[in-house]
Each structure stands twice: as structure tokens, then as C-alpha cells.
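**Student:** Dumping the structure here so I can ask a few things about it.
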Amino acid sequence: MFTTQFNVKSVNSEAVAARPREPNSILEQTTTQIRIARSSDQKYIIASMVLAFNNDPVARWMYPDSYQYLTHFPNFIRAFGGRSFEQNTTYAVDGYSGAALWFPPGVEPNVDALIELFQRSVFEAQQEDLFSVLEQMGHYHPKQSHWYLAILGVEPVQQRKGYGSALMQPVLTRCDRDRIPAYLESSNPANIPFYEHHGFELLGTIQVGASPPIFPMVRYPQS
Numbered sequence: 019m020f021t022t023q024f025n026v027k028s029v030n031s032e033a034v035a036a037r038p039r040e041p042n043s044i045l046e047q048t049t050t051q052i053r054i055a056r057s058s059d060q061k062y063i064i065a066s067m068v069l070a071f072n073n074d075p076v077a078r079w080m081y082p083d084s085y086q087y088l089t090h091f092p093n094f095i096r097a098f099g100g101r102s103f104e105q106n107t108t109y110a111v112d113g114y115s116g117a118a119l120w121f122p123p124g125v126e127p128n129v130d131a132l133i134e135l136f137q138r139s140v141f142e143a144q145q146e147d148l149f150s151v152l153e154q155m156g157h158y159h160p161k162q163s164h165w166y167l168a169i170l171g172v173e174p175v176q177q178r179k180g181y182g183s184a185l186m187q188p189v190l191t192r193c194d195r196d197r198i199p200a201y202l203e204s205s206n207p208a209n210i211p212f213y214e215h216h217g218f219e220l221l222g223t224i225q226v227g228a229s230p231p232i233f234p235m236v237r238y239p240q241s
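Using our numbering, the first residue of the sequence shown is number 19, and each one after it goes up by one.
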């Protein structure tokens, strides 16, 4: 889920449409706006991501208890993706019903905050598997300069409207222009076809002990 001294990169958990959207998606037929979020938007986007990831396999493996999830998952979003606000690379649906937290090349999650959070908030019996999973992720993360999609989420009531595609598009267009790859880890196998539709390729599967599988994916520049 993040880069540490283990050379580990972040997990992308996303609650987006499980099937690819067609080019004439609802989003493209409306005036819904995708904009760059400001730091002052962070609390609204975090609240939206808590709703978006409520049924995410990895999020609920880490925090299976409802109170535990509602208490600690906002802090996870903050530590894991908060630096995208500092970089002005958080894209949000107007009204905060969905967001994509992108990291530009060279930017990583707040490792110290994540380690501290996991040690105090994840059940002790799960911590060994969790850190083993994180260590394995380092083998898949691109070594060359790349954009990293740390978090992509859309609230359940707003899914299947094309928002996920629209939230990714600004950075994917930039990746194609600058000829650099994009990378993510999907924590939900149902979302793999969605990402493949946008040019991502599956690199493998990461799974340790009782953890759900995690799917690293890369998208190379397209013409």
C-alpha cells in the first residue's frame, strides 16, 4: 500500500464500476465537471472515499469491524493519499461523489504515518500478513518515472455513470503526451476489466496468508 524501507508501493483500492463504460457514457452526456481539488476539499473527499470503499475487500480485511473501519479508514486515506492534495493532483467530481488521488513522479505516501497507523489500528494477528503483502508490492512497482494512481473511488449511489473513467482521464492523457507509464494496484478483482479497458495490463497477483488478492497493473503510453 505504500513505499517503505521494504521498497513497497501503495495499494490502489477503488470502488468504481466493475465493467468498462462505453464512449457515450452518462458523464459525457451531462455537464458534470471534473476539477482539481484544493486542500480545503480534503475532508469532503475523505468522507466520500469512506463510503466508496465500504465493501472493498482489502479495506475491510484491514478493518473488518464497522467501528474500526469508520474510525481508522479516514486516517488511512489521509496518510496514504493526502500528498496528492499538496501536489494539486487530486481530481474530484463536482459535489465530491468521487475522486482520483494521483501522485506525480517522485511523490510517495506518508510512510511514517502509515506504519504508525497500521501498528495501532490493524488487529495484531493481521499485521504480519499485511506487512508481507506490502513488501511483495515493491517487486511490481515500476522503476522508471511514472504516475501513480493511489486511490480511485466513487460513492456507491453514483457508480456506473462514467465518473471513474473521467477521473482518470486528465492524467492518462498527460502520461500519453509525456510518454511515461501509469501504475496502480487494484484491491478488487471486479475492477480489472475496467482498468484493462483504459489500457492497463495485469502484472501479477499478490496474496499472503489470509489477505485478499491484490492486482498490480501498469499502463504504458499509448499513441
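Just so it is clear, CB atoms sit at the ideal spot from N, CA and C, and this is done for glycine as well.
Skipping 5 residues on each side, what residues in its chain have a beta carbon closer than 6 Å to that of Met80?
**Tutor:** Only Val140 meet the Cβ criterion.
**Student:** With distances taken between CB atoms, is the gap from Val116 to Val172 smaller than 8 Å?
**Tutor:** Checking the sequence, you will find Gly at residue 116 rather than Val. Yes; because the gap between Cβ atoms is below 8 Å, this pair is in contact.
**Student:** Let's see if you can read the secondary structure: which residues bound the beta strand (DSSP E) around Pro230?
**Tutor:** No beta strand (DSSP E) holds Pro230; DSSP gives it neither H nor E.
**Student:** Within a Cβ cutoff of 8 Å, which residues of the same chain sit near Leu190, ignoring the five residues on either side of it in sequence?
**Tutor:** Ala200, His216, Gly217, Arg237.
**Student:** Let's see if you can read the secondary structure: which residues bound the beta strand (DSSP E) around Leu135?
**Tutor:** Here Leu135 belongs to no beta strand (DSSP E); instead the alpha helix (DSSP H) covers 129-139.
**Student:** For Ile52 and Gly180, I'd like the C-alpha separation in whole angstroms.
**Tutor:** Whole-angstrom Cα-Cα distance: 11 Å.
**Student:** In terms of alpha-carbon separation, which member of Phe103, Leu170, Ala184, Glu219 lies closest to Arg56?
**Tutor:** Answer by Cα proximity: Phe103.
**Student:** Within the continuous alpha helix (DSSP H) that includes Ala208, where are the two ends?
**Tutor:** Counting along the chain, Ala208 falls outside any alpha helix (DSSP H), and DSSP gives it neither H nor E.
**Student:** Relative to the C-alpha of Pro230, which residue among Ala77, Ser84, Phe94, Ala168 is closest?
**Tutor:** With distances taken between Cα atoms, Pro230 lies closest to Ala77.
**Student:** Taking Leu167 as the reference, which of Gly182, Gln154, Thr89 has the closest Cα?
**Tutor:** Considering only alpha carbons, the answer is Gly182.
**Student:** Spatial neighbours of Tyr158 within its chain, please: CB distance less than 7 Å, with the 5 preceding and 5 following residues excluded, ordered by chain position.
**Tutor:** Contacts found: Leu221, Gly222, Pro234.
**Student:** Name the two residues that bound the continuous alpha helix (DSSP H) containing Gly99.
**Tutor:** Counting along the chain, the alpha helix (DSSP H) containing Gly99 begins and ends at 84-99.
**Student:** Which of helix, strand or coil does DSSP assign to Gly217?
**Tutor:** Gly217 falls in the coil class under three-state DSSP.
**Student:** Report the residue from Val125, Ala97, Pro207 whose alpha carbon sits nearest the alpha carbon of Leu135.
**Tutor:** The shortest C-alpha separation from Leu135 is found at Ala97.
**Student:** Buried or exposed: which applies to Ser205, given that a residue is buried once 16 or more other Cβ atoms fall within 10 Å of its Cβ?
**Tutor:** When all chains shown are included, Ser205 counts as buried.
**Student:** What separation, rounded to the nearest whole angstrom, lies between the Cα atoms of Thr89 and Pro160?
**Tutor:** Cα to Cα, Thr89 sits roughly 33 Å from Pro160.
**Student:** Could you compute how far the alpha carbon of Met67 sits from the alpha carbon of Gly99?
**Tutor:** Their backbone Cα atoms lie some 11 Å apart in a straight line.
**Student:** Around the C-beta of Ala208, are 16 or more other C-beta atoms found within 10 angstroms, so that it is buried, or is it exposed?
**Tutor:** Under this definition Ala208 is an exposed residue.
**Student:** I need the DSSP call for Phe149, collapsed to helix, strand or coil.
**Tutor:** Here Phe149 sits in helix by DSSP.
**Student:** Which whole-angstrom value describes the C-beta separation of Ile64 and Val151, a residue pair presumed to lie in contact below a C-beta threshold of 8 Å?
**Tutor:** Actually they are not in contact, since the Cβ atoms of Ile64 and Val151 sit about 23 Å apart, beyond 8 Å.
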